[in-house]
Amino acid sequence: PSGERGEAEYSFALVERDDAWRDRHNRIFYDPCLMPDFTNPEAVKWWKDKIIQFMKAGCFSIIMSDFGEDVPSDARYHNGRSGQEMHNLYQLLYQRASFEAVAEGTGHRGLVNARSGTAGMQRYPIC
1 PSGERGEAEY SFALVERDDA WRDRHNRIFY DPCLMPDFTN PEAVKWWKDK
51 IIQFMKAGCF SIIMSDFGED VPSDARYHNG RSGQEMHNLY QLLYQRASFE
101 AVAEGTGHRG LVNARSGTAG MQRYPIC
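So for the sequence shown, the UniProt record's numbering puts the first residue at 1; every next one is plus one.
Shown next, in the form of structure tokens:
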């Protein structure tokens, strides 16, 4: 999600930060972005529902989960961990949620095009 509507509508699902302006925002390249908090079960459900919705509409049958490595070190997660503690784990949770959404949306084993990864990624097939 991006923009004011996305922030208000999906704020429960987003990573929090300490700084007031940067609260919830991260920069990928030069643009601000919002990051789902994959330690929050509500955020995982929201993420999966959105992917499945697009898949059922025929938009795609595989997802590229990109930029999982850009975790802000000052982030605060639903599970109580900091961005520094979540640096590698975030990627794993991101891939798992995406993999499960593709599997649920297509009715067959999921496949994710993942650019970043860490130990344990082999559990979720990537290309």
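The beta-carbon is built from N, C-alpha and C at its ideal position, and this holds for glycine as well.
Which of the three DSSP states is assigned to residue i in this structure?
i	result
SER2	Confidence at SER2 is low in this model, with a pLDDT of 49, below 50, so its placement is unreliable and the value that follows should be read with caution. Coil.
ARG96	helix
ASN113	strand
GLN75	Residue 75 is actually Ala in this sequence, not Gln. Strand at ALA75.
As a quick exercise: from the options, pick the residue whose alpha carbon is nearest that of residue i.
i	options	result
ASN79	CYS59, ASP37, GLY117	ASP37
LYS48	MET86, GLY110, SER116, THR118	GLY110
GLU69	ASN40, LEU92, ALA97	LEU92
GLY105	ASN113, ASN40, LYS50	LYS50
LEU34	ILE63, VAL71, PHE60, ILE62	VAL71
HIS108	ASP74, ILE62, ASN40	ILE62
ASN40	GLU85, GLY117, ARG76, ARG123	ARG76
ASN88	THR118, PRO125, ILE52	THR118
Alpha carbon to alpha carbon, what distance is there between residue j and residue i?
i	j	result
PHE54	GLY120	27 Å
SER65	ASN113	6 Å
PHE67	GLN95	11 Å
GLN122	ALA57	29 Å
MET86	SER73	8 Å
ARG81	TYR90	11 Å
GLN84	TYR124	23 Å
ALA97	ARG115	15 Å
CYS59	ILE52	10 Å
From what residue to what residue does the beta strand (DSSP E) around residue i run?
i	result
ILE62	ILE62 -> no beta strand (DSSP E), and no H or E assigned at all.
Kindly indicate the opening and closing residues of the alpha helix (DSSP H) around residue i.
i	result
GLN122	Looking at the DSSP string, GLN122 is not in any alpha helix (DSSP H), and its letter there is neither H nor E.
ALA43	41-56
### Task
Indicate whether the contact test is met: 3 or more Cβ pairs, each with one atom in the stretch 89-108 and one in the stretch 39-51, closer than 8 Å.
A contact exists between the stretch 89-108 and the stretch 39-51.
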